[in-house]
DNA sequence: TAGTAATATATATAGATTTTAATATTTACA
DNA sequence: TGTAAATATTAAAATCTATATATATTACTA
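Protein chains in written order, with the working numbering: chain A, 48 to 154; chain B, 48 to 154.
This is the structure we're talking about:
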């Protein structure tokens, strides 16, 4: 694997490695949103949302489009949602594994 | 989305957010390997490899099995490789996008 | 066979760097 | 002027990288 791709992957995952940013992306899955809409859903200061959006923007994960004083955000590549879905599957597998282990221990 | 899953996703991506750890996972894609084999492929100190393996182990991403003095590592869930493949696709999309933009600028 | 060396891996430590989260300030537009 | 969003700043927490040390297993040898 070219080193460039390896670095891209690491940087990309780093951009996703924060609960607030995951939350933002999950909200954008239900449709594009203004910053103040995201802020309302998340119940945190809009400056914090902007900060996290800036990180996602810099990695080209989201796109912000101005509309007057507002900015509408969207996810650039829908493959991202597949990525999140697979992660959920991995989570479920891992849960099943843990449950199985606990059951085995009780035998 | 339950907050537990959200946190899992963030922690999971954090475990993947390092070039050395990506490298290790890509090497394990070609088959299980001992620590010293990983070390030889990567050309870095084995203590560094162990450190990174510990991080992947703690997140249940890889599994280490003792065999004498050696430890054989494997990836726990093959879905991880799908995840890496999708990330590569996202990388390609993003490259195409950049190339298109540069072409448009030259018109 | 007891003692010791060699090998493979893991863990501990510490200084430098990065990230986080909260707050304050700035910019852009209606 | 008021609203929406972005940026700057800062202290605390986390991560990284390199080095040192520890542990566990096997091999060697007197």
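Backbone N, C-alpha and C define an ideal beta-carbon position, used for all residues, glycine too.
Membership of residue 93 of chain B in the alpha helix (DSSP H) is indicated by the continuous run 93 to 105. Residue 148 of chain A: member of the alpha helix (DSSP H) spanning 126 to 153, first to last residue.
Put simply, the CB of residue 61 of chain A is near chain B, with a gap under 7 Å to one of its CB atoms. In the DSSP secondary-structure assignment, residue 111 of chain A is bridged to A/120. According to DSSP, residue 80 of chain B shares a beta bridge with B/120.
Residue 138 of chain B belongs to the set of residues whose beta carbon lies under 7 Å from a beta carbon in chain A. Scanning its chain for C-beta atoms nearer than 8 Å, with the 5 sequence neighbours on each side dropped, one finds around residue 118 of chain A the residues 81, 82, 111, 112, in chain order. A direct Cα-to-Cα measurement between residue 134 of chain B and residue 130 of chain A gives close to 8 Å.
For residue 57 of chain A, the nearest CB of chain B lies under 7 Å from its own CB, placing it at the interface with that chain. Shown here, residue 63 of chain A sits in coil according to DSSP, grouped into three states, outside any helix or strand.
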